[in-house]
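Chains as they are written, first to last, in this note's numbering: chain G, 1346 to 1793; chain X, 656 to 1088. Please read the structure below before turning to the comments.
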């Protein structure tokens, strides 16, 4: 029997519909909305929201400044702790962080809109390019930062503020890392990632060199010799394997690659979209690829995840977003094998159960979901093939770089942060904090 | 249902809520709408001599807003009526004819000249108005011409002008007092001595709302220049309540009926005024902010409240709280209270802790056994009520009397016998007990 061709095509929706589907997920607050939202803040002492923020932003402080119309001061309060406070206002899972800790949540199950207020305070700064930070007198030192993502840029900005020169070696053709290539398009519209990068670099003293990959164009040993210190913010460059039959069929794709193409596409309607899409995984990436596929016009999108709702890496809000976007989430199923001949046609799945010992086991019942495209979103790992020798001497644990509380690695003069380190958690806000802490530690060492 | 009928100076009105003399009572059109909405009476916008005064043609009002733009305080530079006297008199006469069950009071302001008063008072009384209210309170514009607050700030003038009015009038005379004085009792006493049948208070307070942050001029202005106005609205209520209570509890003025004015926005505000000695109340700002419909909540809420308290009429509420107002020197210094935080209601915002820590007596914990936990330290608590005042959760922190045992702060036994400053050993002027 002749195999049916996969139904993959572009232009499923017209441009106007796609523009609507990829409009701002959380539209910005107007001034009057912001003032009312700000008024709900109780100005807590030793505020739980600040404790919950990985970068420790003084949240009641910046909200108080919104309340008094001191927007520039509010933005400074945010950005001095988190130079990517603009992006974090858009992409942070606030429902799991600051807003989960808000005492208003305790009081009335509706937290202060901290994320939206943070965006309200910071948007004008990026729109107008208002300089809020100055460089200290030059130290005469130069630091190599490997990676142009949130960790690297945060580190570079802080180092520049502290008076050091920085060279950023960036793998991609544009800086920004996952902010530029990895986040769902409806969370960061109007090229915000590049506008934020431009703002960060506008402090001066940061030389970004694109298309420079560690292990190919540069190596760690040389950097250690040539620079006064090195920061590694290389992210997780390769994708985990499913380790099942037929993983190499055409139509089996890495979610992060497709998301990157989507983010870089000038015309999203030109992207190829499957009629039937299956996403394997339970994190933010799984949600991002599933929702975006649906919004590009996919007919049926299923997420399959081997554990339950509570164990999903994606927050409740993200899961609801998927479901209200028309995505079906299947819990407690795991892939058995992929089906198809040269091109993928479906996936065979098996029910899982959690044993008393906490281990997951698959029971007999299996079923098949037809698919034109299957996206793998089961996590990334350090690109140890490329970095192989480079990582020699770096202490690793479960494939990630081991760092101490100041983000120092086991190698002298080498710090690291972001997703590539043990404790990295796939959040922009955490990566920014790592970069900031490392920069402060590097500064201390360079001046000692 | 409690009886809301009000008999103020034998002037009947179906409820004790009158609209104060102000823009809402400027003309028949507004007053008809007010009576249709259910207001008990009006004090007509202050009448003056012909030719009428003129108002500015720019901003008359400005407001103190909360962030959600709720009006907390309100400022105005409007003067008395700017319409010919006869127009007002014709309309008042018609209104009184059309609404015989409502109170219509004529607010008046004339120059300091007895002939003027004896000329105008009978003309106005002829409209059928129920009473006069003498505007000795307007603090802007008219006071520059020796009227309004310029009279109300000098007790001798109050008495003299009140006498002129009383001589010419056969209906009751209410004297409206200005709060722009250091002590409200002498002006009230002067009104009484001049023969006033009642006082009404407060008029507005001298005020400038703010500056314009762009131009660094005061705000608002008329062609770049501004002048102080009269402040009113919710923000002034506590000032008004104190003045009403002072007149009510002072032996020299206690007999004066009072029409209470100042920031009344809902029925609870009215309860405050009535319980502190006002016999009825007047409202302006709330109507100017929300329209006449607020009368529904004012009357309904007051009626429900009286029912809940087992009071059959407004008169039974009047003055209930006056005996609880005294001088500081008579407060019982042996009485001890401590704050108690209800841990089930506490949302752990920490505001009680930080205000006590920074500005009071370090009497609330931040952590207990390493956990975020806010609890009163009785050994430090002076019972000041600051934590209760700042707590965002209603009834989460309450004050409890310590009636026996030891005061943990002082280590002294609780003394149940009352003792105040007048006999305190630290008082060099103490009376021997």
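Just so you know, even glycine gets a beta-carbon here, dropped at the ideal spot from N, CA and C. From a predicted model like this one, the values you see are computed outputs, not experimental measurements.
The alpha helix (DSSP H) with residue i in it runs from where to where?
{"i": "residue 1630 (chain G)", "result": "1629–1641"}
{"i": "residue 683 (chain X)", "result": "683–692"}
{"i": "residue 1662 (chain G)", "result": "1661–1669"}
{"i": "residue 1406 (chain G)", "result": "1404–1412"}
{"i": "residue 1675 (chain G)", "result": "Element bounds for residue 1675 (chain G): not the alpha helix (DSSP H) but the beta strand (DSSP E), 1672–1675."}
{"i": "residue 1471 (chain G)", "result": "1459–1473"}
Taking DSSP as the reference, what is the three-state secondary structure of residue i?
{"i": "residue 827 (chain X)", "result": "coil"}
{"i": "residue 1608 (chain G)", "result": "helix"}
{"i": "residue 936 (chain X)", "result": "strand"}
{"i": "residue 1354 (chain G)", "result": "strand"}
{"i": "residue 1622 (chain G)", "result": "strand"}
{"i": "residue 754 (chain X)", "result": "coil"}
{"i": "residue 662 (chain X)", "result": "strand"}
{"i": "residue 790 (chain X)", "result": "strand"}
{"i": "residue 807 (chain X)", "result": "helix"}
{"i": "residue 1012 (chain X)", "result": "helix"}
{"i": "residue 1725 (chain G)", "result": "strand"}
{"i": "residue 775 (chain X)", "result": "helix"}
{"i": "residue 1745 (chain G)", "result": "strand"}
{"i": "residue 1033 (chain X)", "result": "coil"}
{"i": "residue 716 (chain X)", "result": "strand"}
{"i": "residue 1048 (chain X)", "result": "coil"}
{"i": "residue 1650 (chain G)", "result": "coil"}
{"i": "residue 674 (chain X)", "result": "strand"}
{"i": "residue 845 (chain X)", "result": "helix"}
Drop a sphere of 10 angstroms on the beta-carbon of residue i, count the other beta-carbons inside from all chains shown, and report buried for 16 or more, exposed for fewer.
{"i": "residue 886 (chain X)", "result": "buried"}
{"i": "residue 786 (chain X)", "result": "buried"}
{"i": "residue 670 (chain X)", "result": "buried"}
{"i": "residue 1070 (chain X)", "result": "exposed"}
{"i": "residue 1641 (chain G)", "result": "buried"}
{"i": "residue 914 (chain X)", "result": "buried"}
{"i": "residue 754 (chain X)", "result": "buried"}
{"i": "residue 1549 (chain G)", "result": "exposed"}
{"i": "residue 1085 (chain X)", "result": "exposed"}
{"i": "residue 1783 (chain G)", "result": "buried"}
{"i": "residue 781 (chain X)", "result": "exposed"}
{"i": "residue 1708 (chain G)", "result": "exposed"}
Between the options, which lies nearest to residue i when the distance is taken from Cα to Cα?
{"i": "residue 793 (chain X)", "options": "X:998, X:804, X:932, X:711", "result": "X:804"}
{"i": "residue 1395 (chain G)", "options": "G:1457, G:1671, G:1352", "result": "G:1457"}
{"i": "residue 1671 (chain G)", "options": "G:1648, G:1628, G:1653", "result": "G:1648"}
{"i": "residue 1048 (chain X)", "options": "G:1635, G:1451, G:1353, G:1435", "result": "G:1451"}
{"i": "residue 1659 (chain G)", "options": "G:1611, G:1724, G:1615, G:1685", "result": "G:1724"}
{"i": "residue 1391 (chain G)", "options": "G:1465, G:1576, G:1423, G:1448", "result": "G:1448"}
{"i": "residue 1015 (chain X)", "options": "X:1003, X:1031, X:1025", "result": "X:1031"}
{"i": "residue 1557 (chain G)", "options": "G:1416, G:1419, G:1492", "result": "G:1492"}
{"i": "residue 1716 (chain G)", "options": "G:1564, G:1699, G:1745, G:1685", "result": "G:1685"}
{"i": "residue 1441 (chain G)", "options": "G:1692, G:1721, G:1714, G:1655", "result": "G:1655"}
{"i": "residue 1528 (chain G)", "options": "G:1688, G:1477, G:1426, G:1606", "result": "G:1606"}
Identify the continuous beta strand (DSSP E) that holds residue i and give its terminal residues.
{"i": "residue 1487 (chain G)", "result": "1487–1491"}
{"i": "residue 884 (chain X)", "result": "884–887"}
{"i": "residue 1710 (chain G)", "result": "1705–1715"}
{"i": "residue 981 (chain X)", "result": "It is not in any beta strand (DSSP E) - residue 981 (chain X) carries neither H nor E in the DSSP assignment."}
{"i": "residue 931 (chain X)", "result": "No beta strand (DSSP E) holds residue 931 (chain X); DSSP gives it neither H nor E."}
{"i": "residue 1575 (chain G)", "result": "1574–1577"}
{"i": "residue 1551 (chain G)", "result": "1551–1554"}
{"i": "residue 854 (chain X)", "result": "853–856"}
{"i": "residue 1761 (chain G)", "result": "1759–1761"}
{"i": "residue 1787 (chain G)", "result": "Segment 1773–1792 is the alpha helix (DSSP H) holding residue 1787 (chain G); no beta strand (DSSP E) there."}
Using the DSSP secondary-structure output, state which residues sit across from residue i in a beta bridge.
{"i": "residue 1054 (chain X)", "result": "X:994"}
{"i": "residue 1686 (chain G)", "result": "G:1688"}
{"i": "residue 1680 (chain G)", "result": "G:1694"}
{"i": "residue 1026 (chain X)", "result": "X:1023"}
{"i": "residue 723 (chain X)", "result": "Per DSSP, none; premise fails for residue 723 (chain X)."}
{"i": "residue 1613 (chain G)", "result": "The partner list for residue 1613 (chain G) (beta bridge, DSSP) is empty, contrary to what the question assumes."}
{"i": "residue 699 (chain X)", "result": "X:761"}
{"i": "residue 1598 (chain G)", "result": "G:1720"}
{"i": "residue 1563 (chain G)", "result": "G:1559"}
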